[in-house]
Amino acid sequence: MTLFKRWFVFIFYYALAFLIANLTIGILSLILKMLLVTVQGPTMVTRVSNIVTHYISFSIASFFLFGRYGKKQQPVKYREIVLFYSLIILLHFIIVFYGKWNTVWSVTTGTIQLARIMYSGGEHIASLTYIPRVYYYHALTIRDICFVIFSLMGIFTGNKIKKLN
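In full-length UniProt numbering, the protein residues as written are 1 to 165.
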């Protein structure tokens with residue numbers, strides 16, 4: 001498989017983990033509304049639970065998706081791993097610091113609450129554009145660290161299972 005195809009599959013699995021994490025946040029929000037925890041808007045409890053849910057579900061999805069990637073693909077070379085992760089971090093840097101606000105918000109969907117808490121300490125902010133882009137990038141960097149750790153664990157676990165069979 002060519003490097004381009006492997007990179008496309010890698011990005012597809014990253015996007016799939018991102019969608020799974022956002023769906024998990026949506027399900028959590030629905031549960032909190034049904035339990036009447038968030039009757040009049042977001043509280044600090046819901047913000048923190050959204051942050052925790054996003055990062056945990058993104059990490060778990062990365063682990064299982066890339067475990068599947070490790071089983072199906074040929075063993076990943078070290079230079080490919082460095083290249084793939086570097087491209088994702090570079091892409092996030094370009095989007096956050098040079099993209100329009102709607103692009104920044106779509107990429108940082110699950111991490112906006114963390115950026116808001118880091119910037120204001122949980123206080124009300126009139127607009128998300130008041131938050132400097134550095135805070136969005138820090139929140140994305142934390143997600144990228146979770147992604148690197150858990151996807152590597154998944155890839156290597158998938159490779160081990162493939163070798164055992």
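Ideal Cβ placement from N, Cα and C applies to all residues, glycine included.
Between the beta-carbon of residue i and the beta-carbon of residue j, is there less than 8 Å?
i       : j       : result
Phe-66  : Gly-158 : yes
Ser-62  : Phe-150 : yes
Arg-47  : Gln-113 : yes
Ile-155 : Val-76  : yes
Thr-24  : Ser-57  : yes
Asn-22  : Thr-111 : no
Val-96  : Leu-128 : no
Met-153 : His-138 : no
Glu-80  : Leu-32  : no
Identify, in the order they occur along the chain, each residue of the same chain with its Cβ nearer than 7 Å to the Cβ of residue i, setting aside the five sequence neighbours on each side.
i      : result
Ile-89 : Asp-144
Ile-20 : Ser-57, Ala-61
Phe-84 : Trp-7, Phe-10
Could you name the residues of the same chain whose beta carbon sits closer than 8 Å to that of residue i, not counting the 5 residues immediately before and after it, in chain order?
i       : result
Cys-146 : Tyr-55, Phe-58, Ser-59, Ser-62
Ile-125 : Arg-116, Tyr-119, Ile-131
Gly-99  : Val-107
By Cβ distance below 6 Å, which residues in the same chain neighbour residue i in space, the five residues on each side in sequence not counted?
i      : result
Ala-17 : Phe-58, Ala-61, Ser-62, Leu-65
With residue i and residue j assumed to form a contact (beta carbons below 8 Å), what rounded beta-carbon distance in angstroms separates them?
i       : j       : result
Ala-115 : Ile-94  : Not really, about 18 Å apart at Cβ, beyond 8 Å.
Val-107 : Arg-133 : With 8 Å as the limit, Val-107 and Arg-133 do not qualify as a contact, their Cβ atoms being about 11 Å apart.
Thr-53  : Leu-28  : 5 Å
So within the region 22–99, which uninterrupted alpha helix (DSSP H) runs reach at least 4 residues, ignoring any that extend past its ends?
For the region 22–99, whole alpha helix (DSSP H) runs of length 4 or above, ordered along the chain, are 44–72, 78–98.
Where in the region 116–147 do unbroken runs of the alpha helix (DSSP H), each at least 4 residues long, occur, reported from the N-terminal end onward?
With a minimum length of 4 residues, no continuous alpha helix (DSSP H) run stays inside the region 116–147.
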